[in-house]
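Student:
There are 4 protein chains.
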Amino acid sequence: MARGNTRQRIQDVALELFAEQGYEKTSLREIAEHLDVTKAALYYHFKTKEDIVISLFRDLTRPIDELIAWAEQQPRTLEAKQEILRRYHAALIGAAPLFRFMQENQATVRDLSIGETFKERMVTLTQLIQEPDFPMADRVRCISALFTMHAGMFFMQHVDGDPEEKRAAVLEVAVDLVTRAHQGARG
Amino acid sequence: MARGNTRQRIQDVALELFAEQGYEKTSLREIAEHLDVTKAALYYHFKTKEDIVISLFRDLTRPIDELIAWAEQQPRTLEAKQEILRRYHAALIGAAPLFRFMQENQATVRDLSIGETFKERMVTLTQLIQEPDFPMADRVRCISALFTMHAGMFFMQHVDGDPEEKRAAVLEVAVDLVTRAHQGARG
Amino acid sequence: MARGNTRQRIQDVALELFAEQGYEKTSLREIAEHLDVTKAALYYHFKTKEDIVISLFRDLTRPIDELIAWAEQQPRTLEAKQEILRRYHAALIGAAPLFRFMQENQATVRDLSIGETFKERMVTLTQLIQEPDFPMADRVRCISALFTMHAGMFFMQHVDGDPEEKRAAVLEVAVDLVTRAHQGARG
Amino acid sequence: MARGNTRQRIQDVALELFAEQGYEKTSLREIAEHLDVTKAALYYHFKTKEDIVISLFRDLTRPIDELIAWAEQQPRTLEAKQEILRRYHAALIGAAPLFRFMQENQATVRDLSIGETFKERMVTLTQLIQEPDFPMADRVRCISALFTMHAGMFFMQHVDGDPEEKRAAVLEVAVDLVTRAHQGARG
DNA sequence: TATGAATGAGTCTTCATTCAT
DNA sequence: CATGAATGAAGACTCATTCAT
Chain A
1 MARGNTRQRI
11 QDVALELFAE
21 QGYEKTSLRE
31 IAEHLDVTKA
41 ALYYHFKTKE
51 DIVISLFRDL
61 TRPIDELIAW
71 AEQQPRTLEA
81 KQEILRRYHA
91 ALIGAAPLFR
101 FMQENQATVR
111 DLSIGETFKE
121 RMVTLTQLIQ
131 EPDFPMADRV
141 RCISALFTMH
151 AGMFFMQHVD
161 GDPEEKRAAV
171 LEVAVDLVTR
181 AHQGARG
Chain B
1001 MARGNTRQRI
1011 QDVALELFAE
1021 QGYEKTSLRE
1031 IAEHLDVTKA
1041 ALYYHFKTKE
1051 DIVISLFRDL
1061 TRPIDELIAW
1071 AEQQPRTLEA
1081 KQEILRRYHA
1091 ALIGAAPLFR
1101 FMQENQATVR
1111 DLSIGETFKE
1121 RMVTLTQLIQ
1131 EPDFPMADRV
1141 RCISALFTMH
1151 AGMFFMQHVD
1161 GDPEEKRAAV
1171 LEVAVDLVTR
1181 AHQGARG
Chain C
2001 MARGNTRQRI
2011 QDVALELFAE
2021 QGYEKTSLRE
2031 IAEHLDVTKA
2041 ALYYHFKTKE
2051 DIVISLFRDL
2061 TRPIDELIAW
2071 AEQQPRTLEA
2081 KQEILRRYHA
2091 ALIGAAPLFR
2101 FMQENQATVR
2111 DLSIGETFKE
2121 RMVTLTQLIQ
2131 EPDFPMADRV
2141 RCISALFTMH
2151 AGMFFMQHVD
2161 GDPEEKRAAV
2171 LEVAVDLVTR
2181 AHQGARG
Chain D
3001 MARGNTRQRI
3011 QDVALELFAE
3021 QGYEKTSLRE
3031 IAEHLDVTKA
3041 ALYYHFKTKE
3051 DIVISLFRDL
3061 TRPIDELIAW
3071 AEQQPRTLEA
3081 KQEILRRYHA
3091 ALIGAAPLFR
3101 FMQENQATVR
3111 DLSIGETFKE
3121 RMVTLTQLIQ
3131 EPDFPMADRV
3141 RCISALFTMH
3151 AGMFFMQHVD
3161 GDPEEKRAAV
3171 LEVAVDLVTR
3181 AHQGARG
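Protein chains in written order, with our numbering: chain A, 1 to 187; chain B, 1001 to 1187; chain C, 2001 to 2187; chain D, 3001 to 3187.
Shown next as structure tokens:
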């Protein structure tokens, strides 16, 4: 039973349980039981419970940071912004459990000595897909484009239809929102 | 020290703290201290901690239920749907702390023997502002209209500008989304 | 709804619940709810919870005290002792719930500032149906006569047969035990 | 401060206190203090307070189960039944505190998700020392034999005399009761 | 006679965390 | 790498009791 991947397994189980039940309601005992180790074993790999969640965050934020870094170097054209949305959409799908966890545990995340950081990233991202001189409604459109994808990710479960088609539609609407914002600003 | 309103005061303080810190992280001790009564006093007015949150919910859902009931009797015209959005927007603003609590404690709310009910209401509401034969993208637009208002409510804090203007812009975008969905379906 | 019998009703309900669930596990709230009054009302009629149980005891012990008083004036003949058993048997049947309560809450009753008293009475009673110079086995027989009736009262539920016949048999065995004790001592 | 035996020590102290003061009136705090550990330590060894009592029960019932198993394989002769009584008497003496606890906490034990089981065992045992076609009085004698030993165990404290002699007398009377029941049935 | 509102002490239980082995 | 045993702090909840009205 040689295992060198315990740390990873802890993260996996923790993410799953945090997302499903919430951070506060998930005890280390529960995580340990799912892994068939003792609570003390968790402490070999992570200094505290918060540490686990923080490690999860780093994994979540790295792709976003990379996306932001990439976005910041793009020209502020509509086309670039559309690509940002496409990449964000892909990131969202690729890390669904992490985003779900974020979305459902906002209160907890807030004072996790890291929380602000996430909202900051979101703010940065919205700024990268709008322009400062947009009228307010168009700025809202750009912001809404992002949240359409977020909410879509979870609420769309309750809508009938082919998952692939639904995902595509969500992206289409987001892109369209940003596009209209730019046309509105121009026209 | 006027008495007779303790129940109400408990609800007020609880809502404030639940919204601010999250349900799990808010202890009854804390609520009691804020009110300058003992924990036991809370139990005179509410059977359990969950009971407090449930009572809060009833107050939250009543306006929504009324809105839904009203909406169900409207003709399925674009104009009626726009009015639904306007009314929902007003409800959102009128009960901001409650929605904020909901938004930030989704994981908790979920297994609160009442959570499902809320999501059901949201589903119903989205159905009332779309049409079953819409193409998927337009259905997403209608759903997005709702979530634009939700997210807007909280995320817009991070955007500069006159609060009144921001609120108006959020509503405008929401209404526009539904409008376009209907024009798309028609055109 | 004029009531002058609340005190009595409290005693009735309390006895029933104490016997059924035990003294400690029966809360005043529960008693009050069964009576459709508030806890505070109980305090109008009884100073404390213990007070209720003590009042119950007085009712239980009065018949026994009378029996003992009567027994003490009888000649120490076998016939008189048989009559004591018959009367005790009748008392047991007449106040079954009280005895059941006693039997099932011995630990509680013990430090109820009254408990010792009851055991004393039992000791006295056993002394009245035996003789000091009896051999030990015959003294045990006399004591056993009493406990046969006690246990019989509750354990005999688990034995098939006509209740009347069972009761008679229990009394018969008890009387026989004392009778044999006396014959043994004599013979 | 030898460790490794904590679980056993908890059981010992708990039994002592439960028997002395009753289950409900014995708090885990009290048990912990007697052992010079924290309450939480108890929870490392037992899942709940009830769990402690249940573990105590298993130890109590095992000897009885063995006795019953043995008894069921004996011929239904008077001699075998006398031996059953002797063995039950020995078991009673060997596990006096456990029986005392049972006897004095019947109300509590009843809804302990294990209680019924004990009464069942007692019923089984009484059936093994009587015969179905006995007249009622003789069946009562057999039952009484068992309860003579039970009550004797505790009530005999209040009778003067050499403990050894008293114990012997109790057994003698119990055996005699069963013997007479069988002679009566025959004669 | 009774209630509505509240208290203070205490209950069982759970948790994150520690540390010797 | 991991466990067994334990802790201290805190949590939700219950209870007997009180008292002004």
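Yeah, the Cβ is synthetic: ideal placement off N, Cα and C, and Gly gets one too.
Given the structure is predicted, the values throughout are model-derived calculations rather than measurements.
Flag H158 (chain A) as yes if its beta-carbon sits less than 8 Å from any beta-carbon of chain B, otherwise no.
Tutor: Along the first sequence, read from residue 1 onward, the residue named residue 158 (chain A) stands at position 158. Closer than 8 Å: yes.
Student: Contact defined as beta carbons within less than 8 Å: I believe A32 (chain A) pairs with L42 (chain A). What is the distance between those atoms, to the nearest angstrom?
Tutor: Looking up residue 32 (chain A) in the first sequence gives position 32. Looking up residue 42 (chain A) in the first sequence gives position 42. So it is a contact: roughly 6 Å between Cβ atoms.
Student: If you draw a straight line from the C-alpha of Q2074 (chain C) to the C-alpha of A3137 (chain D), how long is it?
Tutor: Along the third sequence, one-based indexing puts residue 2074 (chain C) at 74. Along the fourth sequence, one-based indexing puts residue 3137 (chain D) at 137. Rounded to the nearest angstrom, the two C-alpha atoms are 28 Å apart.
Student: Locate the alpha helix (DSSP H) running through S144 (chain A), then write down its first and last residues.
Tutor: For the purposes of this step, residue 144 (chain A) is identified with residue 144 of the first sequence, where counting begins at 1. Residues 136-155.
Student: Label Y3088 (chain D) either buried or exposed according to how many other C-beta atoms from any shown protein chain fall within 10 Å of its C-beta, with 16 as the threshold for buried.
Tutor: For the purposes of this step, residue 3088 (chain D) is taken as residue 88 along the fourth sequence, with counting starting at 1. Buried, since its Cβ has 16 or more Cβ neighbours within 10 Å.
Student: Can you name the start and end residues of the alpha helix (DSSP H) that S27 (chain A) belongs to?
Tutor: Translated into the one-based positions of the first sequence, residue 27 (chain A) becomes position 27. Here S27 (chain A) belongs to no alpha helix (DSSP H), and DSSP marks it neither H nor E.
Student: Taking A71 (chain A) as the reference, give the member of A:E164, A:Q127, A:H45, A:Q21 with the closest Cα.
Tutor: On the first sequence, position 71 is the one that residue 71 (chain A) refers to. Selected option, being the one with the closest Cα: A:Q127.
Student: Does I31 (chain A) come within less than 8 Å of chain B when only Cβ atoms are used?
Tutor: Counting from one through the first sequence, the residue named residue 31 (chain A) turns up at place 31. Cβ-Cβ to chain B under 8 Å: no for I31 (chain A).
Student: I'd like to know if the region 1135-1153 of chain B and the region 168-177 of chain A are in contact, where contact means that at least 3 CB-CB pairs between them fall below 8 Å.
Tutor: Output reads yes: the region 168-177 of chain A touches the region 1135-1153 of chain B.
Student: Under DSSP, the alpha helix (DSSP H) around Q2183 (chain C) begins and ends at which residues?
Tutor: Indexing the third sequence from 1 puts residue 2183 (chain C) at position 183. Here the alpha helix (DSSP H) through Q2183 (chain C) covers 2163-2186.
Student: Going by C-alpha to C-alpha distance, which of D:I3084, D:E3020, D:H3182 sits closest to P3063 (chain D)?
Tutor: Locating residue 3063 (chain D) in the fourth sequence gives position 63, where the first residue counts as 1. The candidate whose alpha carbon is nearest that of P3063 (chain D) is D:I3084.
Student: Where does the unbroken alpha helix (DSSP H) through T3108 (chain D) begin, and where does it stop?
Tutor: Stepping through the fourth sequence from its first residue, residue 3108 (chain D) is reached at position 108. Segment 3106-3110, the alpha helix (DSSP H) holding T3108 (chain D).
Student: Any Cβ of chain D within less than 8 Å of the Cβ of G2152 (chain C)?
Tutor: Start at 1 with the first residue of the third sequence, and residue 2152 (chain C) comes out as number 152. Yes, G2152 (chain C) lies at the interface with chain D (some Cβ there is under 8 Å from its Cβ).
Student: Could you say which of D:Q3183, D:L3028, D:E3131 lies nearest to K3049 (chain D) if we only look at CA atoms?
Tutor: By 1-based counting over the fourth sequence, the position of residue 3049 (chain D) is 49. K3049 (chain D) has its Cα closest to that of D:L3028, out of D:Q3183, D:L3028, D:E3131.
Student: Quick one, which of B:E1131, B:R1167, B:T1061 has its alpha-carbon nearest G1184 (chain B)'s?
Tutor: Along the second sequence, read from residue 1 onward, the residue named residue 1184 (chain B) stands at position 184. Ranking B:E1131, B:R1167, B:T1061 by Cα distance to G1184 (chain B) puts B:E1131 first.
Student: Please list, in chain order, the chain B residues whose beta carbon lies closer than 7 Å to that of G161 (chain A).
Tutor: Within the first sequence, the letter at position 161 stands for residue 161 (chain A). Neighbours of G161 (chain A) on chain B, chain order: M1136.
Student: By the three-class DSSP mapping on this structure, what secondary structure does F1046 (chain B) have?
Tutor: Reading the second sequence from its first residue, position 46 is the one you call residue 1046 (chain B). Here F1046 (chain B) sits in coil by DSSP.
Student: Tell me the start and end of each unbroken alpha helix (DSSP H) in the region 1047-1081 of chain B that is at least 4 residues and wholly inside, in chain order.
Tutor: Segments of the alpha helix (DSSP H) lying fully in the region 1047-1081 of chain B: 1049-1072.
Student: Quick check on Q2011 (chain C): does DSSP put it in helix, strand or coil?
Tutor: As a first step, residue 2011 (chain C) is located in the third sequence; it is residue number 11 there, counting from the start. Correct three-state label for Q2011 (chain C): helix.
Student: Consult DSSP for M1 (chain A) and reduce its assignment to one of helix, strand or coil.
Tutor: Walking along the first sequence from the start, residue 1 (chain A) turns up at place 1. Confidence in M1 (chain A) is poor, its pLDDT being 41 and thus under 50, which makes the residue's placement unreliable; the coordinate value appears in the next sentence. M1 (chain A): coil per DSSP, three-state reduction.
Student: According to the Cβ coordinates, are I3114 (chain D) and F3057 (chain D) closer than 8 Å?
Tutor: Sequence index remark: in the fourth sequence, residue 3114 (chain D) carries index 114 (1-based). Sequence index remark: in the fourth sequence, residue 3057 (chain D) carries index 57 (1-based). For I3114 (chain D) and F3057 (chain D), yes; Cβs fall inside 8 Å.
Student: With 8 Å as the limit, tell me which residues of the region 139-150 of chain A have their beta carbon closer than that to any beta carbon of chain B; keep them in chain order.
Tutor: So the close ones are R139, V140, R141, I143, S144, F147, T148, H150.
Student: For A2091 (chain C), verify whether its CB is less than 7 Å away from any heavy atom of the ligand NAD.
Tutor: The ligand NAD is absent from the structure shown, which contains no ligands of any kind.
Student: Please decide whether T108 (chain A) counts as near chain B, where near means a Cβ-Cβ distance under 8 Å.
Tutor: Residue numbering aside, residue 108 (chain A) sits at position 108 when the first sequence is read from its first letter. Yes, T108 (chain A) lies at the interface with chain B (some Cβ there is under 8 Å from its Cβ).
Student: Let me see if you follow: with CB-CB separation under 8 Å, is K2039 (chain C) close to chain D or not?
Tutor: Position 39 of the third sequence holds residue 2039 (chain C). Closer than 8 Å: no.
Student: Just the Cα atoms here: how many angstroms apart are E2120 (chain C) and A3151 (chain D)?
Tutor: What you label residue 2120 (chain C) is simply residue 120 of the third sequence in a count that begins at 1. What you label residue 3151 (chain D) is simply residue 151 of the fourth sequence in a count that begins at 1. Between E2120 (chain C) and A3151 (chain D), the C-alpha separation is close to 15 Å.
Student: Which word fits T26 (chain A), buried or exposed, when buried means at least 16 other C-beta atoms lie within 10 angstroms of its C-beta?
Tutor: Counting from 1 along the first sequence, the entry for residue 26 (chain A) is found at position 26. Buried, because 16 or more other Cβ atoms sit within 10 Å of the Cβ of T26 (chain A).
Student: Take A3181 (chain D) as the anchor and find which of D:S3144, D:A3069, D:Q3157 has the nearest alpha-carbon.
Tutor: Position 181 of the fourth sequence, counted from the first residue, corresponds to residue 3181 (chain D). Looking at the Cα atoms, D:S3144 is the closest of the given residues.
Student: Taking the beta carbon of E3164 (chain D) as the centre, do at least 16 other beta carbons fall within 10 Å, making it buried, or is it exposed?
Tutor: Position 164 of the fourth sequence, counting from 1, holds the residue named residue 3164 (chain D). Exposed, since its Cβ has fewer than 16 Cβ neighbours within 10 Å.
Student: Hey, is K3049 (chain D)'s beta-carbon within less than 8 Å of any beta-carbon in chain C?
Tutor: In the fourth sequence, counting from the first residue as 1, residue 3049 (chain D) sits at position 49. No, K3049 (chain D) does not count as interfacial toward chain C.
Student: In chain order, what residues of the region 3163-3174 of chain D put their CB closer than 7 Å to some CB of chain C?
Tutor: The residues in question are E3165, K3166, A3169, V3170, E3172, V3173.
Student: Applying a beta-carbon distance threshold of less than 7 Å, which residues of chain A neighbour Q1021 (chain B)?
Tutor: Taking the second sequence and counting its residues from 1, the one referred to as residue 1021 (chain B) is at position 21. Going along chain A in sequence order, the residues near Q1021 (chain B) (Cβ under 7 Å) are A107.
Student: Establish whether the CB of L2028 (chain C) and some CB of chain D are separated by less than 8 Å.
Tutor: On the third sequence, position 28 is the one that residue 2028 (chain C) refers to. Answer no: the Cβ-Cβ gap between L2028 (chain C) and chain D never drops below 8 Å.
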